[in-house]
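Notes follow the structure.
In this note's numbering, the protein residues as written are 48 to 453.
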């Protein structure tokens, strides 16, 4: 029983060490009972001065391989536990001290949203609720011939999936506290697994937008470095090839000529290998790693509006944010961004200017998720009801160009 308990403790320690090193941003690999990790710059001094750690959880393995033995109660294990307790991979905060008019918070005449092709009807019922933001801190690594690392923060509204840049800008002015001083019916409820997954995926999209300019800059730099190294490699092997060809022209001995021809072929093979190595070395790779996350909750006030036109009806939320003192923009059904101009899709979706298409046949507005295609002949947009699919080639055409796709 004691041996079984000890083995269980060792397994838990190994799993803990591996997970913690990965969270810290290390590249971790496990082989034959040994944990090998390439450490990030910020933790090299604490965990390994040369930037590389090899840990064994069995004393015989550690002694045989001449590597560090990690056990419960050892100084390194205590340091790892202390780092984990200081870090807090997931936490929760509340934005306290927010006040608003208890009579009426929502005034539609102050809403900056405009519905282009529909009318709205407000039922004037206001309900306080807790809005849960998901804050993600990512480590972004740019890897090519050199390594650069950055930390980026992304905040996403778990309900609307809209980014929250104003929330990030106002951290210092907020009362962020671990206990709440406000009441909302769902204040202590956490987003469900589906909402958390959607918020995380959305945060990845927003992060990619954040780093797009930096990625382009590093890509140009890596391309320039590759061009310079390729020029150096080609110059060297061109000179080598010319010298070998001159020797080949000067000799008439068959055996000597065959040797020089083989050298020329080998030189070209080595040139290609060197160019391939240089391409791999200067190829930019971007690695995203989630460092930690937090749930930040604040009170808001919600109302419902009915949006309708002659083709469809939908419901939308109108939300008052006491932190900004303004009504939030409605979310686009397709891109989840807040939009000042909203269109009601013929299938009941709310979409922004960038995410709608008007069918050239029926003139109805459709969002990009509703199967809008284009005529293969004239390129005009066509909704699903007005697409003519060719039985021979399968291409879509409008009524005017039916049968003219091939």
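Built from N, CA and C at the ideal position, the CB exists for glycine as well.
Predicted, not measured: the structure shown is a model, and the values here were computed from it.
Beta-carbon contacts of residue i that lie in its chain and below 7 Å, excluding the five residues immediately before and after
i           : result
residue 390 : 163, 164, 398, 403 and 412
residue 55  : Caution applies to residue 55, whose pLDDT of 47 falls short of 50 and renders its modelled position unreliable; the model cannot decide the point.
residue 358 : 393 and 411
residue 427 : 407, 421 and 445
Where residue i falls: helix, strand or coil (DSSP)
i           : result
residue 430 : coil
residue 346 : strand
residue 330 : coil
residue 421 : strand
residue 194 : strand
residue 181 : strand
residue 229 : coil
residue 88  : helix
residue 437 : coil
residue 209 : coil
residue 152 : coil
residue 71  : coil
residue 204 : strand
residue 363 : strand
residue 318 : helix
residue 50  : For residue 50, the predicted structure reports a pLDDT of 38, less than 50, and the residue's modelled location is therefore unreliable. The matter cannot be settled from this model.
residue 160 : coil
residue 173 : coil
Outcome for residue i when other beta-carbon atoms lying within 10 angstroms are tallied against a minimum of 16
i           : result
residue 434 : buried
residue 111 : exposed
residue 309 : exposed
residue 185 : buried
residue 387 : exposed
residue 58  : exposed
residue 168 : exposed
residue 230 : exposed
residue 209 : buried
residue 347 : buried
residue 361 : buried
residue 432 : exposed
residue 345 : buried
residue 368 : buried
residue 154 : exposed
residue 205 : buried
Own chain partners of residue i with C-beta closer than 8 Å, once the 5 adjacent residues on each side are dropped
i           : result
residue 304 : 295 and 298
residue 380 : 392, 396, 397, 398, 402, 414 and 416
residue 329 : 191, 192, 269, 270, 272, 273 and 276
residue 172 : 350 and 351
residue 459 : With the chain covering 48 to 453 only, the question about residue 459 has no answer from this structure.
residue 424 : 444, 445, 448, 451 and 452
residue 88  : 98 and 196
Residues of its chain near residue i, where Cβ-Cβ distance is below 6 Å and the 5 sequence neighbours each way are ignored
i           : result
residue 449 : 435
residue 221 : 142
residue 158 : 374
residue 108 : 80
residue 188 : 196 and 334
residue 250 : 183, 201 and 203
residue 241 : none
residue 102 : 82, 115 and 117
beta-carbon residue i near the ligand GTP non-hydrogen atom, thresh 8 Å
i           : result
residue 306 : In terms of ligand content, the structure shown is empty, and the ligand GTP therefore cannot be addressed.
Identified DSSP bridge partners for residue i
i           : result
residue 368 : 373
residue 102 : 82 and 115
residue 385 : 378
residue 41  : For the chain, the structure presents residues 48 to 453; residue 41 sits outside this window and is missing.
residue 339 : 184
residue 189 : 195 and 333
residue 63  : Answer by DSSP bridge pairing: none, since residue 63 is not bridged.
residue 405 : 412
residue 353 : 168 and 362
residue 398 : 390
residue 110 : According to DSSP, residue 110 bridges with nothing at all.
Exercise for the section: Could I get the ranges of all uninterrupted alpha helix (DSSP H) runs contained in the region 114-149, with 4 residues as the minimum, in chain order? Expected result: Whole alpha helix (DSSP H) segments, 4+ residues: 122-134.
Exercise for the section: Give, in chain order, every unbroken run of the beta strand (DSSP E) that is at least 3 residues long and sits entirely within the region 221-308. Expected result: Entirely contained in the region 221-308, the beta strand (DSSP E) runs reaching 3 residues are, in chain order, 222-224.
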